[in-house]
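Quick note: the sequence shown uses my numbering, first residue 8, plus one each step.
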Amino acid sequence: MIESAANEPVLLVHGLWMRGITMRWLATRLRSRGFEPRTFEYFSLLQDTDAVVSRLADALRERPRTHVLAHSLGGLLALRAAEHAGADGIGRIVCLGSPLAGSSAAASIAAKLPAGAQLVGHNRALLESGVDHVPEGIEVGAIAGCVPHGLGGFVAHFDGEHDGSVAVAETRLPGLADHVVLRASHSGLLFSDPAVRQAVAFLREGHFDRDFESGVESRVV
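Structure, rendered in structure tokens:
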């Protein structure tokens, strides 16, 4: 268990087909709550997993107790990088809509669409397989969306709730410290006030806010 302090650094990691600018709204909200956000930039289609993970691990080592808030593919890369960097000095990790158990939508896009493999890019293997464990000694929380708006719904079959790109079931992983489901789509998680509130709660306390109007805007499960 780590203690929370003011002005803690938070590294923001974007997802597939995105750039760092897509995390600006989240960065502004985190800054207003006393954190020091910075964005990790990478090319999700052109750079291979090992290269990105190596750079991300270096970024995590730059400042002690750096937290991570990562969207989609970014969450998978963050968990890989945290394992490389080691638990010492790393804070908590929050994954937004990350297919931790593997993405059926990514697999369908790669298999069914023209140039689908190119659309998924060099991180295809990681997206399709996900990760099999939480890095030892690091508290990880996952936020899933359940508003089914997105490309994934047109190319993949989801069993149960999904956010339009990732199934809620795909955001679960043994060893997670906590998990919450919000009424947001995959991209909507990037602009969701409830997502910010839950992320801040986890970064500060190591668990999500179970008193936050759970019957209206969020469901903690």
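Positions of the beta carbon are idealized from the N, C-alpha and C atoms, including for glycine.
Exposure of Q125, with buried meaning 16 or more beta-carbon neighbours within 10 Å: Q125 counts as exposed, since fewer than 16 other beta carbons sit within 10 angstroms of its beta carbon.
In the segment 96-176, which residue ranges form an unbroken alpha helix (DSSP H) of at least 4 residues, counting only runs that do not cross its ends? Runs of alpha helix (DSSP H) with 4 or more residues, each lying fully within the segment 96-176, are found at 111-119, 123-127, 131-136, 159-162, listed in chain order.
For A113, collect the residues of the same chain with a Cβ closer than 6 Å to its Cβ; drop the 5 residues on either side in sequence, then sort them by chain order. Once the five neighbours on either side are set aside, the close Cβ partners of A113 are V127, L134, E135.
Per-residue DSSP class, three states only, for A184: Of the three classes helix, strand and coil, the one that applies to A184 here is coil, per DSSP.
Spatial neighbours of V60 in its chain, beta-carbon cut-off 8 Å, leaving aside the 5 residues before and after: Hits under 8 Å: L84, R87, A88, H91.
Could you spell out where the beta strand (DSSP E) holding D87 opens and where it closes? Note that residue 87 is Arg in the sequence shown, not Asp. Boundaries around R87 are those of the alpha helix (DSSP H), 80-92, since no beta strand (DSSP E) includes it.
Does DSSP put L189 in a helix, a strand or coil? Residue state for L189 is assigned as strand, using DSSP reduced to three classes.
So, helix, strand or coil for E212, using DSSP? Under the three-state reduction of DSSP output, E212 falls in the helix class.
Report yes or no: do three or more beta-carbon pairs, one from the segment 177-193 and one from the segment 129-149, lie closer than 8 Å? As far as the Cβ criterion goes, the segment 177-193 touches the segment 129-149, which means the pair count is three or higher.
Rounded straight-line distance, which links the Cα of V101 to that of S39: Going by the C-alpha atoms only, they are around 18 Å apart.
Buried or exposed: which applies to N130, given that a residue is buried once 16 or more other Cβ atoms fall within 10 Å of its Cβ? Under a 10 Å Cβ-count criterion, N130 is classified as buried, with 16 or more other Cβ atoms of the shown protein chains found around its own Cβ.
Measuring only the C-alpha atoms, how far is G22 from G104? Counting only the Cα atoms, G104 lies some 10 Å from G22.
Here's a check: name, in chain order, each residue in its chain whose Cβ is nearer than 8 Å to the Cβ of L53, leaving out the five neighbours to either side. Once the five neighbours on either side are set aside, the close Cβ partners of L53 are G128, H129.
Can you tell me which residues form a DSSP beta bridge with A34? A34 is not bridged to any residue.
Nonlocal neighbours in the same chain, by C-beta distance under 7 Å from F209, ignoring five residues either side: R99, V101, G148, D185, F215.
Roughly how many whole angstroms lie between the Cα atoms of D200 and V207? D200 and V207: Cα-Cα distance of roughly 11 Å.
Is it true that the CB of A176 sits closer than 9 Å to the CB of A191? No.
Going straight from the alpha carbon of R217 to that of A122, what length do you get? Taking the straight line from one Cα to the other gives about 43 Å.
Measuring alpha carbon to alpha carbon, tell me which residue in G82, T56, E43 is nearest R72. Comparing Cα positions, the closest option is E43.
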